[in-house]
Structures are given as structure tokens and as C-alpha cells.
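Residue numbers (my numbering): 316 to 640.
From the three backbone atoms N, C-alpha and C, an ideal C-beta is built for every residue, glycine too.
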């Protein structure tokens, strides 16, 4: 597996493709028991994946516990990213409904608990899960800076932050990576100065949902039904109308894939992301080996300038239908 650098020369070296672990315990999970998911994560390590993404929110808690147990035998061989930023509910569990909370005391509380669940001495990459309008980002950066000084965190990350927030945080504590949705399906960070800011400041980009929540795999069909706990069940991009309209994107990926010796739409979509910048590391989620191997195959696909130009020209003629949330 090829490696890439997040956050410049002093940053993190990680596999060119990481693994998003959220859906192993959250969303439309479970698809297998804990033992199966632990075995799957370890098989990902055996295939060269060294970058794993989780959060206290996923579960809550049990995703971190799963990742921690699965990766315990590989200490100092892998990079684990987790996140803070939500209030606990009445049961002490962070939930979206409970609201945002990035106050310094909450950040420290989350860090201490995440260290135990992940079974590590220091969190490799600690993201603010979402910007908190009630806490200046400078305070957030300062709180993580203290944790780094104490050896409890190694690197600071942001998620879904805008360009101004990135700059303000980076001025207090260098930001190693920004996590953001980014794919052929959703490219707003190219227009709102976020991508340019990352490049200017030497911040790595970690795209989540790089396959458009599965749509860019080419396996979604009109009339397809999703489980009630699947985020796509009520997602505007997965109505029959949107699926029909957005099939043009999949058709483009199929055509490019055929020209590349039979590469799948997912592989071309991931290869396109990898070709955008050398400091971009997508984290597609996967829960079975066939899909994992397909995704990892994207790292070996080289898209030429002519390929990228053809994709760009074709996408200019396609209007993606449906909001991302």
C-alpha cells in the first residue's frame, strides 16, 4: 500500500486509503457481530491499511471500543483518528440530539475517555467533529494544544470547518488534517476556499463519503429500498428521481473504468480523489473484504491528465440532483 503525508513534513504518514469504521456499529449496522468486525479490521491491516477513523459519537462509544480492541496488537503500526464535539445526553452518552459541545473541559473529558476505549497512550489524530458556534475555535485549538503538550494527543484535526475557522485554529495549534465530505458528487470545498486554504497551510484533507454514500459504486438502482436506520432512507440524493438523474455520473465512471482495463466505478471515483492532491487520503467505509479489496485497488489506478480532463468536461455537463443531507 502506498503512503501519503497529512500535515506536511512533521505530520502523519498514513496509507493512501484509510478505513472509515462508523458503519460497523452505527447507522445501518450491525451486519455482523463484534468478532467479525474485529477480524475484518485486522484483515485491513494485513492489506496495508494503516489509517482508521472512528468517533465517540459512533455508537456511542462502542465504535471506539471495537477499533481499540481490533488494533491493540498493532500499536505504533497504525494511526487512529477519533473525534470530540457533542454534549452527553441524560445517560452520559454523546448524541447529535444533545447538541454541540467543544468547551475545553468537555474536550479534555472526551480525550481521557477515548484513550481508555482505544487502548492507546496518545490519540494519533483528534478532530473537532463539527464547529461549535458557542465556542471560539481558538479556545478549541488551545485545549487540544494543551493535550498535545501533555502527550495525550499527537495531532489536531478539524471537520467540516470553513476557511476562516481553519485559519484561526491553525494560528493557535497547527492543524494536521481537515475531514470533509468530498467526491465527484459533492465538490463545494473547491469553490469555498477550503481546499485552497488546506494547500496554503499544508493541511491534509481526509474526504469522508468519497463514494457518495455508496451511490458511486454503481450498485444503487431506482426503486431500491433502504432500511429505516440507513441514512439513505431519507436522503434527497436517493429518491428515485435523483437516482435516475445521477446515473449519468455512474455511467461516466463506468466508461472511464472500461478504458482502464475494467476498473469499477468506485475505483475510478477514488482514483479521481487521489489524483486531485498528493495530500488527500479518502476514508471509504467498508464491512466486507470484497468491497475493501475493490476500494484498495483504486490506489494502483493512474488517471492521466487526459483522463482527468475528460472527467472534468463530462461532469460540467451533469447536474447532480439532491442535497447531501
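- Looking at the DSSP output, residue 395 shares a beta bridge with 367.
- The C-beta distance from residue 490 to residue 460 rounds to 11 Å, too long to fall under 8 Å, and the pair is not in contact.
- A distance below 7 Å between beta-carbons, with the five flanking residues on each side excluded, links residue 413 to the following residues of its chain, in chain order: 401, 402, 403 and 404.
- The three-state reading of DSSP puts residue 441 in strand, counting E and B together.
- Cβ contact annotation for residue 451 (same chain, cutoff 6 Å, sequence separation greater than five): none.
- Comparing C-alpha distances from residue 543 to each of 342, 324 and 320 shows the shortest one belongs to 342.
- Sequence-distant Cβ neighbours of residue 610 in its own chain, meaning closer than 7 Å and more than five residues away, are 332, 581, 585, 599 and 601.
- Residue ranges of uninterrupted alpha helix (DSSP H) with 4 or more members, entirely inside the region 556-599 and ordered along the chain, are 580-591.
- Rounded to whole angstroms, the Cβ separation of residue 367 and residue 334 is 5 Å, and the two are in contact under 8 Å.
- Comparing alpha carbon positions, the residue from 479, 508, 420 and 531 closest to residue 457 is 420.
- Where residue 319 is concerned, there is no enclosing alpha helix (DSSP H), although the beta strand (DSSP E) around it starts and stops at 318-321.
- The continuous beta strand (DSSP E) containing residue 494 extends over residues 490-496.
- Assigned with DSSP and collapsed to three states, residue 530 falls in helix.
- Residue state for residue 517 is assigned as coil, using DSSP reduced to three classes.
- For residue 503, the closest alpha carbon among the candidates 364, 638 and 369 is that of 638.
- For residue 469, the enclosing beta strand (DSSP E) stretches over residues 468-474.
- Listed in chain order, the non-local C-beta contacts of residue 369 below 6 Å within the same chain comprise 336, 378, 379, 382 and 397, local neighbours out to five positions each way being set aside.
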